[in-house]
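Notes follow the structure.
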Amino acid sequence: MHVQEWLDGIPPVLVYLMVGLVVGVESLGIPLPGEIVLMSAALLSSQGNVNPWLVGTAAVIGAVGGDSIGYSIGHKGGKPLLDKLGARFPKHFSPGHVATAERSFQRWGVWAVFFGRFVALLRIFAGPLAGVLKMPYWKFLIANALGGLVWAGGTTAVIYYVGVVAEPWLKRFGYFGLAAAVLFGIGSFLFVKRRAAKAQAEIEARDVTAGVEPEVAVAQGE
2 MHVQEWLDGI PPVLVYLMVG LVVGVESLGI PLPGEIVLMS AALLSSQGNV
52 NPWLVGTAAV IGAVGGDSIG YSIGHKGGKP LLDKLGARFP KHFSPGHVAT
102 AERSFQRWGV WAVFFGRFVA LLRIFAGPLA GVLKMPYWKF LIANALGGLV
152 WAGGTTAVIY YVGVVAEPWL KRFGYFGLAA AVLFGIGSFL FVKRRAAKAQ
202 AEIEARDVTA GVEPEVAVAQ GE
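The numbering of the sequence shown is the numbering used here, which starts it at 2 and goes up by one.
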């Protein structure tokens, strides 16, 4: 069953709870499709089934809360925590992925927390890795809150308005028109994200070639 169809079959209050829970658990460091659930709920809100403001609010709370819990776990668990996560989730926490995330923190510091919300890999890593690298919590919290607000609010708004604009298409062309409009909106959104991730990967590849090593002090924002 499609995520949107499943969400449409449960009461609105459970939709909000599911959005906050899935986004929060993903932000905590456990790979879950938080972005897919959020976009599906936002699309439902454009059809009047749920409230878009509550969808966005639930996502913001889940994102900020999950990252904060992940930070605390990473701060206490340290490097051994990443090794345990790598053994349990080798596809997401492989040594290569950990190294890539560390280079992002080394290069951008607290901005990696903010922009990491928009990149699938860093969205999972941001909280735990910031804690492992002992980033000052107040800096982490500011970047975390702003990133969560922009990501959750922006995603909800974009998908909501795409759905609203597509409503006349639905009346004239049926579900095919709606699907085409929604896919176009989501595709454009993902295309921009992919280009940003590709540019980041190219920068990091040049750093590796040049022999640049991550430094914890930079990641800490010192």
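C-beta: ideal position from N, C-alpha, C; glycine also.
The closest CA to that of W139, considering only V111, G154 and V133, is found on V111. Linking E27 to S73 through their CA atoms gives a straight-line distance of about 15 Å. Bounds of the alpha helix (DSSP H) holding I74 are P53 to G78. DSSP, reduced to helix, strand and coil, places F141 within a helical segment of the structure shown.
The alpha-carbon of A64 is positioned some 23 Å away from that of Q107. Within its own chain, the residues whose Cβ lies closer than 7 Å to the Cβ of A146, once the five positions on either side in sequence are excluded, are V65, listed in chain order. Rounded to the nearest whole angstrom, the CA to CA distance from G49 to T157 is 14 Å. The beta carbons of V133 and L82 sit about 7 Å from each other, so the pair counts as a contact at 8 Å. When secondary structure is reduced to three states using DSSP, R104 falls in the helix class. Cβ contact annotation for I62 (same chain, cutoff 7 Å, sequence separation greater than five): G21, in chain order.
A88 counts as exposed, since fewer than 16 other beta carbons sit within 10 angstroms of its beta carbon.
Distance from the CA of A102 to the CA of F126, rounded to the nearest whole angstrom, comes to 7 Å. Under a 10 Å Cβ-count criterion, V16 is classified as buried, with 16 or more other Cβ atoms of the shown protein chains found around its own Cβ.
About 7 Å separates the CB atoms of G128 and G67; that is less than 8 Å, so the two are in contact. Cβ contact annotation for L29 (same chain, cutoff 7 Å, sequence separation greater than five): G67, I70, G71 and G128, in chain order.
A Cβ-Cβ separation of about 14 Å leaves L123 out of contact with G75 under the 8 Å criterion. One thing to note: A43 has its Cβ within 7 Å of the Cβ of Y161.
In this structure, DSSP gives P34 a state outside helix and strand, which the three-state scheme calls coil. A direct Cα-Cα distance of roughly 37 Å separates D84 from V159.
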